[in-house]
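Residue numbers (my numbering): 915 to 1189.
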Amino acid sequence: MCAPRIVQVAHEAADRRFSRRAWFGAAGLGAVAAVSGAGVARGGPGGFGSVVDLTHVLTPELPVWPGNPPFVRTPVAWHENGGFGQNALVLWEHTGTHVDAPLHRVRGAASVDLISAADLVAPLVVVDISAKAAVDADAMVTVSDVERWEDEHGPIPERAFVAMHSGWEGRLAVPGAFLNLDIGGRPHAPGFAVEAAEFLVSRRGIVGAGVDTLSLDQAASREFGAHTVFLGAGRYGVEMLANLAQVPPSGATVIVGAPKHAGGTGGPCRVLALV
Ligand SMILES: [Zn+2]
């Protein structure tokens, strides 16, 4: 699905020298340093006001893509018999709030340990399609949705992370509603339209894209075109984001705490928004 033209344009865009100083200045470089250094949730003057956790608690009950096993946590040492607590975890990489590395979709592409640290901190753009997703489980983020966002908030910043807010998180309270399987076992949930993915990669130079559903693509898709465009262009994805209703559509900074295991196709991550 990912035309060579798109990949080439995306790589050219990535090679351009972007001015990071502009948005670091806006977000407050000191604020970023404060979080990484002390884990403090409050920024100082000129920094951010609060930290919003965009991560779901990982439990065995959290829905996973059909066919994937649930997360398992097994205590293997505990304080009574060793002095320290330790669990062994068994999970597929694409479980809970997690990163998709380019390798997830494209053979030979970058594994999760090779995602640039600089790309994991980015201006956060939240495109809200919850109104249409409420009446159409197959709704998609379209180029028109992106253009409407820009009409309201100005141009998407360079090297941004663009997240779809479909409101799907609210369905976690209703058994079966998040996966939303039809009688044939096919899930239905919103995602990015292929054209919107191409637009964001080639025309807006984003570093990554996120969704509050289980797939960058519309879940019923069998083409997985948005995956192919984003990951094929060397960008990363984050799936199953939480709490997007608590962050503004523009102006926040996202930090994606991606795992760093060699050869990984992705993995559970902690995602924070500095607001
Ligand atoms: Zn994934």
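By construction, the Cβ of each residue, glycine as well, lies at the ideal position given by its N, Cα and C atoms.
Suppose you measure from the CA of residue i to the CA of residue j; what does that come to, to the nearest Å?
| i | j | result |
| --- | --- | --- |
| Val1152 | Gly997 | 36 Å |
| Val986 | Ala1002 | 8 Å |
| Val1076 | Pro977 | 23 Å |
| Ser1044 | Gly1081 | 5 Å |
| Leu1028 | Arg1149 | 11 Å |
| Ala1047 | Ala1133 | 13 Å |
| Val1040 | Glu975 | 27 Å |
| Pro1182 | Leu1034 | 14 Å |
| Val965 | Pro983 | 31 Å |
| Ser1164 | Leu1038 | 6 Å |
| Arg935 | Gly1090 | Reliability of the predicted coordinates at Arg935 is poor, the pLDDT of 35 falling under 50, and no value is obtained from them. |
| Leu1188 | Leu968 | 10 Å |
| Gly1171 | Thr1009 | 15 Å |
| His1175 | Thr1127 | 24 Å |
| Ala1140 | Glu994 | 49 Å |
By alpha-carbon positions, which one of the options ends up nearest to residue i?
| i | options | result |
| --- | --- | --- |
| Thr1179 | Ser1025, Pro974, Gln1000 and Gly961 | Ser1025 |
| Thr1084 | Leu1155, Arg1149 and Glu1137 | Residue identity check: residue 1084 is Gly in the sequence provided, not Thr. Taking only the C-alpha atoms, the option nearest Gly1084 is Leu1155. |
| Ala1110 | Leu1095, Val990, Ile1120 and Gly1177 | Ile1120 |
| Pro989 | Val1004, Pro1037, Gly981 and Ala1172 | Val1004 |
| Ala1032 | Glu1007, Pro1069 and Ile1169 | Ile1169 |
| Arg1184 | Glu1112, Phe962, Arg1021 and His970 | His970 |
| Val1115 | Leu1145, Trp1006 and Ser1058 | Leu1145 |
| Trp979 | Ala1051, Phe1092 and Gly961 | Phe1092 |
| Ser1129 | Arg1118, Thr973 and Pro1104 | Pro1104 |
For ligand 1, any of its heavy atoms closer than 7 Å to the Cβ of residue i?
| i | result |
| --- | --- |
| Asp1131 | no |
| Glu1153 | yes |
| His1008 | yes |
| His1018 | yes |
| Gly1180 | yes |
| His970 | no |
| His881 | Only positions 915 to 1189 of the chain appear in this structure, which leaves residue 881 out of reach. |
Quick one: give me the first and last residue of the beta strand (DSSP E) that residue i is part of.
| i | result |
| --- | --- |
| Arg987 | Val986 to Ala991 |
| His1012 | His1012 to Asp1014 |
| Arg900 | Residue 900 lies beyond the range of the chain shown here (915 to 1189); nothing can be said about it. |
| Glu1153 | Tyr1150 to Glu1153 |
| Val1004 | Gln1000 to Val1004 |
Which residues mark the beginning and the end of the alpha helix (DSSP H) in which residue i is found?
| i | result |
| --- | --- |
| Thr1142 | Gly1139 to Gly1146 |
| Ala1074 | First-last for Ala1074: undefined, no H or E at that position. |
| Glu1112 | Val1108 to Ser1116 |
| Asp967 | First-last for Asp967: Val965 to Asp967, but that is the beta strand (DSSP E), not the alpha helix (DSSP H). |
| Val1125 | Careful: Val1125 lies outside any alpha helix (DSSP H), inside the beta strand (DSSP E) at Gly1122 to Val1125. |
| Val1057 | Val1057 to His1067 |
Who pairs with residue i in a beta bridge, going by DSSP?
| i | result |
| --- | --- |
| His1079 | Asp1042 |
| Val1170 | Val1185 |
| Pro1037 | Thr1167 |
| Leu1095 | Pro1101 |
Please determine whether the Cβ atom of residue i lies at a distance below 7 Å from any heavy atom of ligand 2.
| i | result |
| --- | --- |
| Pro1104 | Summarising the ligand content, the structure contains ligand 1 and does not contain ligand 2. |
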